[in-house]
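Oh and the sequence shown: position 102 is 102 in UniProt numbering, straight run, nothing missing.
We put the beta carbon where it would ideally sit given N, CA and C, even for glycine.
Okay, so here's the structure we're looking at.
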Amino acid sequence: MTGWQQSPATALLILADGTRLEGRGIGAIGHAAGEVCFNTAMTGYQEVLTDPSYAGQIVTFTFPHIGNVGTNDEDIETVNMAALSGVRGVVLKAGITNPSNYRAAEKLDAWLKKRNIVGIAGIDTRALTAQIREHGMPNGVIAHEPTGMFDEGSIAAELKAFPGLEGLDLAKEVTTAQTYHWDQTGWQWDKGYGKLDKPDFHIVAIDYGAKRNILRCLADQGAKVTVVPATATAADVLSHNPDGIFLSNGPGDPAATGKYAVPVIQKLMETGKPIFGICLGHQLLGLALGGTTSKMHQGHHGANHPVKDLTTGKVEITSMNHGFAVDKASLPAGVTETHISLFDQSNAGLSVEGKPIFSVQYHPEASPGPRDSHYLFTRFLNHVRTQKGMEQRPEHAAPAA
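In structure tokens form, the structure reads like this:
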């Protein structure tokens, strides 16, 4: 009679400090290096895993049950399908169950394989999250090998070669390769996504890693959107004769992307056109105004982050995903801090005094997350309405049908 034997681990997560976590492999076979972060959202894992802002990162979900509603084509957030999104890996507590949702079209495991995302399940994600909170976001390698026979030398070499996100420009990896137009509006029950037939405005969005729901929120305000690559010049943007300019979210170090983006933004500010930035776009605007940015200890990743709007005194629950932040003390005279994180008081928004230029660090479009901050898209388009001599819309009114 033979004794009980435990099946060998089919996945590994190895951190830069030597921490070695073993589990069950899911998703793509192989290994990938990235910065390990944690996300506290309880829903929207597909939107998280297709958000280009996570490029270069391995995402640990603190919610234990991931995959139970499956996946579908409607909940993808990345616009550049060729880049997929850039997420390097996913770390889960529980294994992936069969989906139980009427919108499910595919099981998460199969979906991860198609998108070449390596995953590991069976990890104590609470302990890993606590380690990140104490020591910061580490570099790591995630590996999946069904036989349990890992090429330890190759894995160690990949971890050593990964430079980390500081100094890394990732916007060029996830941006669109060519200019295109967007007219899809928000999702409605039993109808799906709509289409903007008669736009009132024209917005040019610079794509540093744009999410689809941001573009839909702009379309919901009556704006046709022309999306241009991250490397577009000011002349490229202005050649489309926009009513306003949007600076999108995106991954990587804003100081690195800012080497080519900041001079463009500074020229666009001189035009007097309304400008709105989100996430990386917020950080780049801060740099263009003379501020600085820095790497955060653990970053903000989740759909439950409280933010205070200092212009109204209201508190909103927001979706966040960033590992860098604008240094509030670096903001020059004439630039006002408009929002702060109530978790750590870090900067979460700014505006330029006397000009229709503002930005926020968080994600008002949600996907996933609450819709408390949708009013910011109205605020942006109200600047455009003012310049066009049109009546403003109440910030918290429902979008036009």
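Could you check where the beta strand (DSSP E) with Ala143 kicks off and where it finishes?
-> 139-144
Endpoints, the alpha helix (DSSP H) within which Asn39 is located | Run containing Asn39: none in the alpha helix (DSSP H); it sits in the beta strand (DSSP E), 30-39.
Coarse secondary structure for Ser53, derived from DSSP in three states | helix
Measuring from the CB of Glu106, is there a heavy atom of the ligand SAH at a distance below 7 Å?
-> Summarising the ligand content, the structure contains no ligands, and the ligand SAH is consequently not present.
If you compare alpha carbons, which of Val307, Ala110, Thr336, Thr71 is closest to residue 404?
-> Summary: the structure shown does not reach residue 404, with the chain confined to residues 1 through 401, and so no result is reported for it.
Look at Gly86 and Leu170 and say whether their C-beta atoms are less than 8 Å apart.
-> yes
According to DSSP, is Gln221 helix, strand or coil?
-> coil
Does Asp75 have its Cβ less than 8 Å from a Cβ in chain D?
-> As a matter of chain content, chain D is missing from the structure shown, which is built from one protein chain.
Just confirm the distance between the C-beta atoms of Ile206 and Val228, as a whole number of angstroms; I'd bet it's less than 8 Å.
-> 6 Å
Going by C-alpha distance, which of Lys273, Ile14, Lys172 is nearest Pro254?
-> Lys172
Are the beta-carbon atoms of Pro99 and Gly70 separated by less than 8 Å?
-> yes
Which of helix, strand or coil does DSSP assign to Val227?
-> strand
State buried or exposed for Trp111, treating a residue as buried only when at least 16 other CB atoms are found within 10 Å of its CB.
-> buried
Between the CA atoms of Leu215 and Ala83 - distance to the nearest angstrom | 18 Å
Name the two residues that bound the continuous alpha helix (DSSP H) containing Leu21.
-> No alpha helix (DSSP H) holds Leu21; the beta strand (DSSP E) holding it covers 20-27.
Outcome for Gln345 when other beta-carbon atoms lying within 10 angstroms are tallied against a minimum of 16 = exposed
Enclosing beta strand (DSSP E) for Val90 [first to last residue] | 89-91
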